[in-house]
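Reviewing the structure listed below.
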Amino acid sequence: MSKKVYRVRAKYLDNEGRGVVSFNQSMIPVPGLLPGELAQIELYRKKNETLGRIVSLVETSPERNTDMCPYAGRCGGCQLWHMSYKEQLRFKQSQVESLMGKYCKIPETIGMDVPLCYRHKIHATLGRDSRGRIISGIYEEKSHKLMDMEQCRIQDSIGDEIMSTVRAAMKKLGIAPYDEDSRRGLLRHVLIKTGYRTGQIMVVFVLSSLKFPQGKALCGQLLKKFPNIRTIVYNLNAGKTSMVLGDEEKVVYGEGYIEDELCGLKFRISPKSFYQVNPEQTEKLYMKAVEMAGFSKTDRVLDTYCGIGTITLLVSRYVNHVTGVELGADAVDNARENAKMNNISNVRFVRRDATRFMEETAAQLAGSGRPSVTGKRSGKNKSNAIDFTDKSYYNVVIMDPPRSGSTSAFLKALVKMSPEKVVYISCNPVTQKRDMEELIKAGYRVRAVQPVDMFPMTSGIENIVLLSKL
Ligand SMILES: C[S@@+](CC[C@H](N)C(=O)[O-])C[C@H]1O[C@@H](n2cnc3c(N)ncnc32)[C@H](O)[C@@H]1O
2 MSKKVYRVRA KYLDNEGRGV VSFNQSMIPV PGLLPGELAQ IELYRKKNET LGRIVSLVET
62 SPERNTDMCP YAGRCGGCQL WHMSYKEQLR FKQSQVESLM GKYCKIPETI GMDVPLCYRH
122 KIHATLGRDS RGRIISGIYE EKSHKLMDME QCRIQDSIGD EIMSTVRAAM KKLGIAPYDE
182 DSRRGLLRHV LIKTGYRTGQ IMVVFVLSSL KFPQGKALCG QLLKKFPNIR TIVYNLNAGK
242 TSMVLGDEEK VVYGEGYIED ELCGLKFRIS PKSFYQVNPE QTEKLYMKAV EMAGFSKTDR
302 VLDTYCGIGT ITLLVSRYVN HVTGVELGAD AVDNARENAK MNNISNVRFV RRDATRFMEE
362 TAAQLAGSGR PSVTGKRSGK NKSNAIDFTD KSYYNVVIMD PPRSGSTSAF LKALVKMSPE
422 KVVYISCNPV TQKRDMEELI KAGYRVRAVQ PVDMFPMTSG IENIVLLSKL
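Residues in the sequence shown are numbered from 2 upward in steps of one, following the numbering used here.
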């Protein structure tokens, strides 16, 4: 039986960038529809939500992007492809405005000149289609159905070429893609990282077993065709998990890392270490954060959730000292090596859970009797002189946590440490606002906000907030 079709007009965009239509006294999100557009839609349920699916567009908006990606709408990667880039930036800005506009004026979102081919971390899952052909791609929007994808226009195009070679070689060499249901097959995912300035390439084969008899031939073919491949790593992931990488890995070619350059600094990147996916925008993000912070040569800075030390090392140029704190062992190893490679000595890196580090530092500070930045003193030490060798003293804290944001205990410890300034970078302004409101309750004020578009075509938003007490 054919589904009922309704004629509706979109009123506004919801926070995922979906056009919202009024229907039978409910507001229904319709992915791919723009405000003002008239469409014929049918209704469907997905993950406990009623959504509209466009059957046909009757009237289109001038903000519709006509240069469509063939996978748009099905692919779970890009939610905003149908929107002109100008409109995407406006949408992102309005999201930040509605969350943080009451605290300060939100400047224009910093966008890209060419918002394509920007992802330098490429992840492809392997599988078979209904005819048994080997395919690679990503899962369809909010589903576990693998979509065959020969080209992704937001990724560095070398990734598509590598994946095409991998698929052909798998067929020729008889390498079976891993099947999550039967738990048979070998090759599960391919992770490719490419250097923005250096062009160096890392290929990680995620396997259900490190015994990979055809591996040598596959690597040989890749190395012959792509001379910029600097390292190839096998990663073992045989678990029933949505995580891409497992713990165990084996470097089969090169050193197990690639190098890239950002803001005039060199960085070593390992398979498991975090590195921003859009390096072109990362430079703008970092330089904007530095400008907003207004560092001085006497500042002692704590860079929490520091990854491979990109922000730590950049900030070290402008201040007295920076301590970087990061949980990932490989990232901390990279960060220490990166400091050496760039001849930077006014930094240190601590491998620790950021919350634990903050709690320990706040406790040390309270016990030291040293004045906090706000001038309050405790204990025996009544001197106002700042001891720059004191590891518990930081007058600026940078935080750049994962999407879930920071923890309440982290924020409580931060308030006890009482730094003059907090620079909060986040890829999720919703959790950022939640955390920032804890600091506002404790006396901090929002001094500036700056959205930066790190993820064109997607609904992702990166945002910098500067808070201070003074
Ligand atoms: C959004 S990334 C930012 C990294 C870095 N600031 C950058 O720009 O490349 C967040 C980092 O936090 C780290 N991380 C996650 N949970 C953590 C925790 N509880 N304590 C410390 N670091 C953590 C992750 O490994 C990751 O490197």
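Glycine included, C-beta positions come from ideal geometry on N, C-alpha and C.
Figure out for me which residue from the options has the closest Cα to the Cα of residue i.
i	options	result
S209	K122, M164, C307 and L187	L187
V234	M244, Q215, K226 and Y258	Y258
C105	L415, F92 and V97	V97
G200	K226, I159 and K212	I159
D300	N347, E64 and Y276	N347
D157	L237, T51, P280 and P228	P280
F268	L35, S137 and D334	D334
S85	I465, Y287, P457 and A443	P457
L44	I55, L35 and L34	I55
L14	M203, S27, G33 and E181	G33
N464	R132, K194 and S95	S95
A218	M171, A414 and S165	M171
A290	A340, I107 and V466	V466
V351	A364, A73, G308 and I270	G308
Is residue i helix, strand or coil when you go by DSSP?
i	result
Q365	helix
S427	strand
E250	strand
G216	helix
R378	Only weak support exists for where R378 lies, its pLDDT of 39 falling under 50; the value from the coordinates is given anyway. Residue state, collapsed to three classes: coil.
I259	strand
T520	There is simply no residue 520 to check, as the chain begins at 2 and stops at 471 in what is shown.
T305	strand
I1	Coverage of the chain is limited to positions 2 through 471, which leaves residue 1 absent and any answer about it impossible.
S409	helix
P178	strand
L81	coil
E463	strand
A239	coil
Q282	helix
E109	coil
S384	A caution first: S384 carries a pLDDT of 48, below 50, which makes its placement in the model too unreliable to give a value.
V21	strand
L187	coil
R353	coil
K4	coil
L328	coil
K12	strand
V333	helix
K341	helix
I136	strand
K475	Past the boundaries of the shown model lies residue 475; the chain is included only from 2 to 471, so the question cannot be answered.
Q152	coil
T199	coil
Let me check you understand the geometry: is the CB of residue i closer than 7 Å to at least one non-hydrogen atom of ligand 1?
i	result
A332	yes
P402	yes
A355	yes
L328	yes
T311	yes
C264	no
Q277	yes
G77	no
G247	no
G128	no
Y258	no
G196	no
G461	no
G406	no
Y306	yes
C70	no
C118	no
Looking only at DSSP bridge pairs, what is residue i linked to?
i	result
H124	L192
C76	E141
E50	K47
S209	Answer is none; S209 lacks a bridge partner.
K267	E262
S57	Q41
E98	Answer by DSSP bridge pairing: none, since E98 is not bridged.
A449	L467
Regarding residue i and ligand 2, is the C-beta to nearest heavy atom distance less than 7 Å?
i	result
E360	Only ligand 1 can be found as ligands here, which leaves ligand 2 out of the picture.
Assess, as a yes-or-no matter, whether the segment 252–269 is touched by the segment 307–320 under the definition of 3 or more beta carbon pairs within less than 8 Å.
-> yes
Cβ contact (3+ pairs, closer than 8 Å) linking the segment 152–162 and the segment 116–129 | yes
Using 8 Å as the Cβ pair cut-off and three pairs as the minimum, do the segment 39–49 and the segment 83–91 touch?
-> No, the segment 39–49 does not touch the segment 83–91.
Does the segment 319–328 touch the segment 346–361, meaning 3 or more C-beta pairs lie closer than 8 Å?
-> yes
Are the segment 203–223 and the segment 288–308 touching, with three or more C-beta to C-beta distances below 8 Å?
-> Short answer: they don't touch.
Report yes or no: do the segment 446–464 and the segment 275–293 share at least 3 C-beta pairs separated by less than 8 Å?
-> yes
With a cut-off of 8 Å, do at least 3 Cβ pairs link the segment 422–438 to the segment 395–403?
-> yes
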